[in-house]
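Peer 1: Quick one: structure below, then a few questions.
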Amino acid sequence: MSGTATYRDAVRAGIRDALIRDPRCFLMGEDVGRYGGCYAVSKGLLDEFGPERIRDTPLSESGFVGAGIGAALGGMRPIVEVMTVNFSLLCLDQILNNAATIRHMSGGQFSIPVVIRMASGAGRQLAAQHSHSLEVWYAHIPGIRVLAPATLEDAQGMLWTAIVDPDPVVIFENVMLYNMTGSLPAEVRPVDIDKAAIRRAGTDLSIVTYGGSLWKCMAAAAALAEAGIDAEVIDLRTLRPLDDETIMASVRRTRRALLVDEGWRSGSLAAEIMARIVEQCFWSLDAPLARVCSEEVPIPYPKHLEDAALPQVSAIVEAARRIMGAR
Amino acid sequence: MSGTATYRDAVRAGIRDALIRDPRCFLMGEDVGRYGGCYAVSKGLLDEFGPERIRDTPLSESGFVGAGIGAALGGMRPIVEVMTVNFSLLCLDQILNNAATIRHMSGGQFSIPVVIRMASGAGRQLAAQHSHSLEVWYAHIPGIRVLAPATLEDAQGMLWTAIVDPDPVVIFENVMLYNMTGSLPAEVRPVDIDKAAIRRAGTDLSIVTYGGSLWKCMAAAAALAEAGIDAEVIDLRTLRPLDDETIMASVRRTRRALLVDEGWRSGSLAAEIMARIVEQCFWSLDAPLARVCSEEVPIPYPKHLEDAALPQVSAIVEAARRIMGAR
Amino acid sequence: MTGAAADKPHLSRAHARELLHQMQRIRSFEEKCAELYTQEKIRGFLHLYIGQEAVAVGVMQALEARDGIVATYREHGHALARGLDMGRVMAEMYGKQEGSSRGRGGSMHIFDAAGRFYGGNAIVGGGLPIAVGLALAERMRASGAVCVAFFGEGAAAEGEFHESLNLAALWRLPVLFVCENNLYAMGTALRISESEPEIWRKAASYRIAAEAVDGMDVVAVEAAARRAVHSLREGEGPFFIECRTYRFRAHSMFDAQLYRQKAEVEEWKKRCPIRMFGDWAVAAGLLHPDEIEAIGREVEAEVATAVRFAEAGTWEPVADLRRDVMTPGEAS
Amino acid sequence: MTGAAADKPHLSRAHARELLHQMQRIRSFEEKCAELYTQEKIRGFLHLYIGQEAVAVGVMQALEARDGIVATYREHGHALARGLDMGRVMAEMYGKQEGSSRGRGGSMHIFDAAGRFYGGNAIVGGGLPIAVGLALAERMRASGAVCVAFFGEGAAAEGEFHESLNLAALWRLPVLFVCENNLYAMGTALRISESEPEIWRKAASYRIAAEAVDGMDVVAVEAAARRAVHSLREGEGPFFIECRTYRFRAHSMFDAQLYRQKAEVEEWKKRCPIRMFGDWAVAAGLLHPDEIEAIGREVEAEVATAVRFAEAGTWEPVADLRRDVMTPGEAS
Ligand SMILES: Cc1ncc(C[n+]2csc(CCOP(=O)(O)OP(=O)(O)O)c2C)c(N)n1
Ligand SMILES: Cc1ncc(C[n+]2csc(CCOP(=O)(O)OP(=O)(O)O)c2C)c(N)n1
Ligand SMILES: [Mg+2]
Ligand SMILES: [Mg+2]
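Protein chains in written order, with this note's numbering: chain D, -10 to 316; chain B, -10 to 316; chain P, 18 to 349; chain E, 18 to 349.
What follows is the structure, encoded as structure tokens:
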């Protein structure tokens, strides 16, 4: 399993591992079986595990996500794939009002160990209805955990961590990452999800991001390095709960922060992190915080407009420079 | 119509006025007719306007909200009542992927003059599934306008402003306001929705809020005044687009700001406003920003726990004091 | 008594007593709740089940301890009929931590792990997919247990109703769908909410076996539920029962009932499931009027005890507010 | 040709030519699109309609200019059959601002106000409530216009399908529901997604008149659509047509088609709606082989012109990105 693999392979390895290790585990969702998954994540799993455990569902997001929640209540460990976050609007009620709520509301009688995976993000010219990044909505919900693996190791390892988590876990897989290649560890290990990761250490400013935007930030950091600006890049990894400690430690060191988030600007996750930095590190800041988010428009189809709507390396570099130049 | 009335009466007056003025206008939703509305807002309207224009719907949030969007596309001016924001999760797809998106995605060919009203907020001991404040989710969506009338005048006047707005407008009516009394103007006037309102002028700090929390902030400001702290209270009124100008002008004057928002803290609208203040007024700030939001728990049923979960006057006062005491 | 009950001559005295007793427990409990609501001991929304008792009691007869149950915000009756302790249910109504959900849920969110009672769901239709999932878990484990979903006829208009029926049928899951058709969804009469008001007919769209039954007749409901559960346990896939019933009270405590005629309510009250069954059982020689009185006294005492228990209950400390948002401790 | 077409002897030569012409336009346009996709002129998702042409073309014959249309992401055929300019549709595929949606929507979001073509909706089932609302607007205005919703059989599992049918029936709205049953939803075969795979039967749950028709037979589809639209205009409430058809190509350009056998596809290709109708029209003496050839040439020229138009089209300036998020100017 080690060697060159894609992010898609990593997710698949994580799912496969979970299916092998835990007989209560099964995968369910639209086209996860015969089709092999809309992003080919589950290809081959139907042959290996059969239709009971690789369960193709009808187009009924609320129905099968609710069924996943019910099955988890009933003692199973379902992995429910909602093809993309765009369709997850149809099952938000189940996630918020049931998965996230039943434990507290019942006085702690039930845990709901369901894992809900979904692809998110834009960049494939799929236009307005198929390009959402709504991670922040999910990160707003008490009672669930929200993960956004940005590396192969996380894509694989977070799956098992999510499975053994007794509470509902929502995993966002950015669509632009599926083809990303790298190497997978020979052995599947659960990864810790309590900590954000410093993907690049730096001293001049902290760039905080997650998911697909991580790699844009890494590219921006490289470009900034050439211009003599040493950026630290933090990959949040877990969007709920947020790892304030790592973020604040970084910002206290660098005294400047830039947030990069593919979500629309107003009400973005970037805003939440800015709010926390101001609450916790205000006196350490040497410059206003800034963010690079998506333009507040439905994402258009043509490449040049889609590019213009999304955070790009150049915009990240520019924003970082502005922060460094401020006062 | 002038004299003592409730917020509920004000909303009704607004709806009635719209129905009289514009024959394309109709009200539709669960129990708006025979029952008179779950919060008695539409009581009497069925008798006055008949079942074609006061249209009881089955329990089908996605269906009838989508039908409202379609009717708006087809030239009508529907007012759709989604009983409460709690049930609006079931129609979020229609709102985000159709109402908010079709205009831009079609290259500007269609406007969608639909008005969607919903009750929101907690405080009535309705427990976890019936106590949501998800205004921030809606405020995240490009392509719609989001209003949160906190006064009788706004409750009445915003309705007409919303009706004549060619784009989708979502109106949040906080459940704790329906019984609030006051006087209504003799004549219904559309109110401007572009501006936040300074409900109390002050010099020491800016308290920014909206909806049901406004009155808690006003009470807190009164208490603070006794302690010699002169708070300015800003009622956002419109949650999307936000009136940065009024907010920033206030913060530049007071140099301190407290955000009060009944939404859960992480990913709250308060966070967005904090982010904007840091982006736009960083150098004017004399103290860290702070926010009072709901605790990150499903809202529990018993009064003492519900109270503990929601922003309260005492917490607002305390937070304001802390801000004033900082450095 | 209608024909269906007459079809069931094998009713033992003990069972007749049990049926009446269970229905009376619900009735008396709820009448007390209404009173306590006016005293503001119970707050929030309170949806009474009065008039519909035959449904919960009839269906529960067909279930075993291993079977799961999903209900709605009008679920006191189901909770009691399932065997939840009345004191704990009453404490829940009060919001006391001795309540079945630690007081966190209140009237609309009664849960009980031991009784496999999965709520108490205040989103109309929201419990149906959960029931499908519970049944899926049973099927994957081949446990032989079934799951029952109770819901109102109003829920049949929701998309989740449709999605749930299709999933259950497609995967042949042991779900018993029990539609309690009380003719109104809040103030919306069935005829203005469904183009096909015979709800049981909708099951045909999913090839689900279905029948309509007199929901005021506890014996008829029990008989139908037994047939259905038998079929579920045989692996025949889901079953759908429409119980025709009526709620005698307002939708909730805030409802002026402008949408229906008093005469209609009175007409239905003549078919009170408790009185009808009691009268019939006496006439059939199954119960003696003294026994009925004894049941009344017994239930009154149980309700009084429950109220005392709730009154004596304590408030969860505010410090516990964040407890159980997430599961504490280590991963399972 | 099947019986249904034979039932329609009143087909004029002109009309036969029109039917063939329209189907051929769609076929040739899409074959070109597939080619342009491999050249990366068209990007994103591209869902071809090839094989299903008889449905869009047949149904459109029954519509008037005032009628509204709601379709899916597989809507090129509907747009062309509705009379949208092929050049503007092709420019949309390119994302050029001369496209029918200014290039913003691409393949999945063709809109045209003049043609009352309301998209192009990429959320399965998402267009159905919109169609109900459009019909409601017509009904409230007593305009006499109707609204047609096209959707795949996969959409029938979504809750919105159910909610929409109920609303339309309840309010007797002039909606024509056209289910294009091509047996697959992406890679999910109908039999594993619906417990009742005869989709038209589901209409009975809502008391909606319904029929199934051979969707490879343009004349049969037209005849059914005419009957349906006639009934709609008479105010008889909604109508449901299930068209049994097949897509010859992959679901989208990313689909390896692991879920179906080549032989099955080949079998269906024998029932190609264009070839079948052409052969029949020639045999019936309605069209001369030369005319068919002429149609081919005409269509080829039209496609070439459309491609030239798209190629010559321009990119919307980035400065316009935020344009039309909200309606500019004053309130209406
Ligand atoms: C999704 C949703 N929409 C609306 C409501 C508000 N509501 C609560 S009960 C109810 C009526 C439900 O009627 P029915 O299903 O027949 O059950 P009954 O109350 O008659 O037992 C409504 C509209 C809700 N709780 N959930
Ligand atoms: C709500 C929703 N869920 C999932 C998808 C992904 N998806 C796109 S097309 C499709 C299959 C739809 O099948 P059908 O309705 O039969 O139409 P067809 O593609 O066969 O024309 C799926 C699952 C989607 N677009 N919307
Ligand atoms: Mg009912
Ligand atoms: Mg299909």
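Just so you know, even glycine gets a beta-carbon here, dropped at the ideal spot from N, CA and C.
Which same chain residues, not among the five before or five after D337 (chain E), have their C-beta less than 7 Å away from its C-beta?
Peer 2: So no residue of the chain qualifies.
Peer 1: Show which residues of chain D have a CB atom less than 7 Å away from the CB atom of F46 (chain E).
Peer 2: Those within 7 Å of F46 (chain E) in chain D number zero; the least Cβ separation is about 18 Å.
Peer 1: Grab me the residues of I266 (chain D)'s own chain with a C-beta within less than 8 Å of its C-beta, minus the 5 sequence neighbours each way, in chain order.
Peer 2: Taken in chain order, the residues that qualify are I236, M237, V240, A246, L274 and L278.
Peer 1: Between which two residues does the alpha helix (DSSP H) holding L141 (chain B) run?
Peer 2: Counting along the chain, the alpha helix (DSSP H) containing L141 (chain B) begins and ends at L141 to V153.
Peer 1: Buried or exposed: which applies to T331 (chain P), given that a residue is buried once 16 or more other Cβ atoms fall within 10 Å of its Cβ?
Peer 2: T331 (chain P) comes out exposed.
Peer 1: Whose beta carbon lies closer than 7 Å to any heavy atom of ligand 4, going through the chain in order?
Peer 2: Counting every residue whose Cβ lies closer than 7 Å to a heavy atom of ligand 4, we get E:G169, E:E170, E:G171, E:E197, E:N198, E:N199, E:L200, E:Y201 and E:A202.
Peer 1: Kindly indicate which three-state DSSP category Y290 (chain D) falls into: helix, strand or coil?
Peer 2: The answer is coil: DSSP assigns Y290 (chain D) none of H, G, I, E or B.
Peer 1: Can V123 (chain P) and I86 (chain P) be called in contact, C-beta distance under 9 Å?
Peer 2: Inspection of the sequence shows that residue 123 (chain P) is occupied by Gly rather than by Val. For G123 (chain P) and I86 (chain P), no; Cβs fall outside 9 Å.
Peer 1: In the DSSP output, which residue or residues are listed as bridge partners for N163 (chain D)?
Peer 2: Answer is D:S109, bridged to N163 (chain D).
Peer 1: Quick check on P214 (chain P) - is its C-beta less than 9 Å from some C-beta in chain D?
Peer 2: For P214 (chain P), the answer is no, since every Cβ of chain D falls outside 9 Å of its Cβ.
Peer 1: Note down, in chain order, all residues in the region 180 to 192 of chain P with a beta-carbon under 8 Å from any beta-carbon belonging to chain B.
Peer 2: For the region 180 to 192 of chain P, which is checked against every Cβ of chain B, not one residue is closer than 8 Å.
Peer 1: Could you work out which residue in P:L151, P:E284 and P:A166 is closest to H95 (chain P) when comparing CA atoms only?
Peer 2: Ranking P:L151, P:E284 and P:A166 by Cα distance to H95 (chain P) puts P:A166 first.
Peer 1: Of all the CB atoms in chain P, is at least one closer than 9 Å to the CB of L81 (chain B)?
Peer 2: By this cut-off, L81 (chain B) is not an interface position.
Peer 1: Against chain P, does Q145 (chain D) count as a neighbour if the rule is that its beta carbon must be under 9 Å from one of theirs?
Peer 2: No - not a single Cβ of chain P is within 9 Å of the one on Q145 (chain D).
Peer 1: Are any of the Cβ atoms in chain D nearer than 9 Å to that of F294 (chain E)?
Peer 2: Answer no: the Cβ-Cβ gap between F294 (chain E) and chain D never drops below 9 Å.
Peer 1: Unbroken alpha helix (DSSP H) runs of length 4 or more, entirely within the region 160 to 209 of chain P: which are they?
Peer 2: Qualifying alpha helix (DSSP H) stretches, in chain order: 176 to 187.
Peer 1: Could you give the DSSP three-state label for V72 (chain D): helix, strand or coil?
Peer 2: The identity of residue 72 (chain D) in the sequence shown is Met, whereas the question assumes Val. It is a strand residue.
Peer 1: The alpha helix (DSSP H) spanning F326 (chain E) covers which residue range?
Peer 2: Run containing F326 (chain E): P306 to A329, per the alpha helix (DSSP H) assignment.
Peer 1: Measuring from the CB of R264 (chain P), is there a heavy atom of ligand 3 at a distance below 8 Å?
Peer 2: For ligand 3, at least one heavy atom lies less than 8 Å from the Cβ of R264 (chain P).
Peer 1: Round the Cβ separation of F62 (chain P) and L115 (chain B) to the nearest angstrom and send it over; I've been treating them as touching at under 8 Å.
Peer 2: The Cβ separation is near 6 Å, so the contact holds.
Peer 1: In three-state DSSP terms, what is A22 (chain E)?
Peer 2: In this prediction, A22 (chain E) scores a pLDDT of 44, lower than 50, which makes its location untrustworthy; no coordinate-derived value is stated.
Peer 1: So is S160 (chain P) in contact with chain A if we call contact Cβ pairs under 9 Å?
Peer 2: In the structure shown, chain A does not exist; the protein chains are D, B, P and E.
Peer 1: Are the C-beta of S248 (chain E) and some C-beta of chain D separated by less than 9 Å?
Peer 2: Cβ-Cβ to chain D under 9 Å: no for S248 (chain E).
Peer 1: Going straight from the alpha carbon of W272 (chain D) to that of E251 (chain D), what length do you get?
Peer 2: For W272 (chain D) and E251 (chain D), the distance between alpha carbons rounds to 28 Å.
Peer 1: Under 9 Å, do K49 (chain P) and A323 (chain P) count as touching if we go by C-beta distance?
Peer 2: Yes. Within cutoff.
Peer 1: Beta-carbon of Y135 (chain P) versus every beta-carbon of chain D: anything under 9 Å?
Peer 2: Cβ-Cβ to chain D under 9 Å: yes for Y135 (chain P).
Peer 1: With 9 Å as the threshold, decide whether the Cβ of F257 (chain E) is near any Cβ in chain P.
Peer 2: By this cut-off, F257 (chain E) is not an interface position.
Peer 1: Quick one: is the Cβ of A98 (chain P) within less than 8 Å of any heavy atom of ligand 1?
Peer 2: Every heavy atom of ligand 1 is 8 Å or more from the Cβ of A98 (chain P), so no.
Peer 1: Whole-angstrom Cβ separation of G176 (chain P) and T205 (chain P), contact assumed at under 8 Å?
Peer 2: The pair is not a contact, with the Cβ atoms about 17 Å apart (cut-off 8 Å).
Peer 1: Does DSSP put M270 (chain E) in a helix, in a strand, or in coil?
Peer 2: It is coil, neither helix nor strand.
Peer 1: Straight-line CA distance for C282 (chain B) to A111 (chain B)?
Peer 2: Answer to the nearest angstrom: the Cα atoms are 12 Å apart.
Peer 1: Look at the Cβ atom of E259 (chain E), then the Cβ atom of E215 (chain E), and state whether they are nearer than 9 Å.
Peer 2: Cβ atoms of E259 (chain E) and E215 (chain E): closer than 9 Å.
Peer 1: Please report how far the alpha carbon of R99 (chain P) lies from the alpha carbon of R244 (chain E), in whole angstroms.
Peer 2: Looking at the two C-alpha atoms, the distance is approximately 53 Å.
Peer 1: For R134 (chain B), would you say it is in contact with chain E, using Cβ-to-Cβ distances shorter than 9 Å as the test?
Peer 2: With 9 Å as the cut-off, R134 (chain B) counts as an interface residue toward chain E.
Peer 1: Below 7 Å between beta carbons is the criterion; list the residues of the region 106 to 134 of chain E that meet it against any residue of chain D, in chain order.
Peer 2: Those residues of the region 106 to 134 of chain E that come within reach of chain D (Cβ to Cβ, closer than 7 Å) are G112, G120, R121, G122, G123, M125 and H126.
Peer 1: Among the residues of its own chain, which have a CB less than 6 Å from the CB of R266 (chain E), if the five just before and after it don't count?
Peer 2: Correct list, in chain order: L65 and I67.
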